[in-house]
Amino acid sequence: MPIHKEGRAIVAITVLLLVAVLALAAFLLSSWLNLLLQLLAIAILVLVLRFFRVPARRPFLEESTVCSPADGKVVVIERVENQAFMGGPCMQISIFMSIHNVHINYVPIDGKVSYLKYYPGKYLLARHPKSSELNERWSTGIETAYGRIMLTQIAGYVARRIRNYCSDKEELKQGNELGFIRFGSRVDVFLPLDAAIKVELGEKVYGGISPLARLN
Numbered sequence: 018m019p020i021h022k023e024g025r026a027i028v029a030i031t032v033l034l035l036v037a038v039l040a041l042a043a044f045l046l047s048s049w050l051n052l053l054l055q056l057l058a059i060a061i062l063v064l065v066l067r068f069f070r071v072p073a074r075r076p077f078l079e080e081s082t083v084c085s086p087a088d089g090k091v092v093v094i095e096r097v098e099n100q101a102f103m104g105g106p107c108m109q110i111s112i113f114m115s116i117h118n119v120h121i122n123y124v125p126i127d128g129k130v131s132y133l134k135y136y137p138g139k140y141l142l143a144r145h146p147k148s149s150e151l152n153e154r155w156s157t158g159i160e161t162a163y164g165r166i167m168l169t170q171i172a173g174y175v176a177r178r179i180r181n182y183c184s185d186k187e188e189l190k191q192g193n194e195l196g197f198i199r200f201g202s203r204v205d206v207f208l209p210l211d212a213a214i215k216v217e218l219g220e221k222v223y224g225g226i227s228p229l230a231r232l233n
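So for the sequence shown, my numbering puts the first residue at 18; every next one is plus one.
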């Protein structure tokens with residue numbers, strides 16, 4: 018499985034550090050301690066490789082379907098107020114990404130970028146109810162053939178680097194990469210009030226393929 022571009026430098030540094038530590042340990046530690054250290058090094062490398070993996074995925078959803086922008090668990094489904102782009106009341110679906118999930122963010126539906134804003138902020142736990150308002154985040158508003166939706170990438174306590182690959186007025190294709198968040202965080206999706214929600218609280222979803230809602 019290929020490694021994402023955001024992780025190539027980290028993987029290389031991890032390998033170099035582990036090799037250096039194991040080489041030094043070979044001279045200083047007993048054979049059984051060396052074996053334990055080698056097993057630990059393998060486990061660390063596997064975790065890093067898994068985090069930055071790029072799974073092969075192909076969206077096959079209907080045009081009006083909003084797919085999940087991230088792997089994770091649905092932790093919020095509620096009516097909220099969003100004046101920034103949605104212009105008032107709307108539905109919010111939030112997806113929490115653990116450190117074990119793929120952390121690529123995907124375009125949820127075909128459309129055109131008409132709102133793009135970065136907000137500096139805090140690094141509260143991604144599950145914190147105020148993380149959507151107070152944490153560092155990137156918001157991307159998309160005009161679709163079925164109305165507006167907005168996606169917000171939120172940094173968490175561990176995830177302190179958000180990458181957004183969109184540009185203003187860019188035409189987006191469902192399932193393409195939208196961005197990346199390192200080491201666990203959250204993505205909020207804002208939908209029109211009349212959207213037909215297709216997920217439930219606690220449900221596991223997969224970026225680019227799991228349907229979140231259908232727009233009318």
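For glycine and all other residues, C-beta sits at the position ideal for the given N, C-alpha and C.
What would DSSP say about residue i, mapped onto helix, strand or coil?
| i | result |
| --- | --- |
| Ser-48 | helix |
| Leu-232 | coil |
| Ala-101 | coil |
| Val-216 | coil |
| Gln-5 | With the chain covering only 18 through 233, there is no way to say anything about residue 5. |
| Ile-116 | coil |
| Leu-57 | helix |
| Ile-20 | strand |
| Ile-226 | coil |
Output the distance between the C-alpha atoms of residue i and residue j, rounded to the nearest integer angstrom.
| i | j | result |
| --- | --- | --- |
| Cys-107 | Leu-53 | 53 Å |
| Glu-98 | Asn-233 | 20 Å |
| Ile-116 | Arg-67 | 10 Å |
| Lys-129 | Thr-82 | 16 Å |
| Val-119 | Leu-62 | 16 Å |
| His-55 | Trp-49 | Checking the sequence, you will find Gln at residue 55 rather than His. Cα to Cα, Gln-55 sits roughly 10 Å from Trp-49. |
| Gln-191 | Tyr-163 | 14 Å |
| Leu-57 | Leu-64 | 11 Å |
| Thr-31 | Arg-74 | 27 Å |
| Asp-211 | Glu-23 | 37 Å |
| Gln-100 | Pro-72 | 35 Å |
If I follow the unbroken beta strand (DSSP E) through residue i, where does it start and stop?
| i | result |
| --- | --- |
| Leu-195 | 194-198 |
| Ser-156 | 154-161 |
| Phe-69 | Taken as a continuous stretch (DSSP letters only), Phe-69 belongs to no beta strand (DSSP E), as it is neither H nor E. |
| Leu-135 | It is Tyr, not Leu, that sits at residue 135 in the sequence shown. Unbroken beta strand (DSSP E) run through Tyr-135: 128-136. |
| Gln-6 | The shown model of the chain, from 18 to 233, leaves out residue 6, and the question about it has no answer. |
| Ser-85 | Ser-85 -> no beta strand (DSSP E), and no H or E assigned at all. |
| Asn-181 | 179-181 |
| Asp-205 | 202-208 |
| Tyr-123 | 121-123 |
Leaving out five residues before and five after residue i in sequence, what residues of the same chain have Cβ atoms less than 8 Å from its Cβ?
| i | result |
| --- | --- |
| Gly-104 | Arg-165 |
| Glu-194 | Ile-121, Asn-122, Tyr-123, Val-124, Tyr-182 |
| Val-222 | Ser-85, Ala-87, Asp-88, Gly-89, Lys-90, Val-91, Ile-112, Val-216, Leu-229 |
Looking only at its chain, what residues have a beta carbon closer than 6 Å to the beta carbon of residue i, apart from the 5 residues adjacent to it on each side?
| i | result |
| --- | --- |
| Ile-214 | Ala-230 |
| Ile-179 | Trp-155, Gln-170, Ala-172, Ile-198 |
| Phe-102 | Tyr-132, Gly-158, Met-167 |
Using a Cβ-Cβ cutoff of less than 7 Å, which residues in the same chain neighbour residue i once the five nearest sequence positions on both sides are dropped?
| i | result |
| --- | --- |
| Glu-188 | Lys-129 |
Count Cβ pairs between the segment 154-170 and the segment 131-138 that sit closer than 8 Å; are there 3 or more? yes
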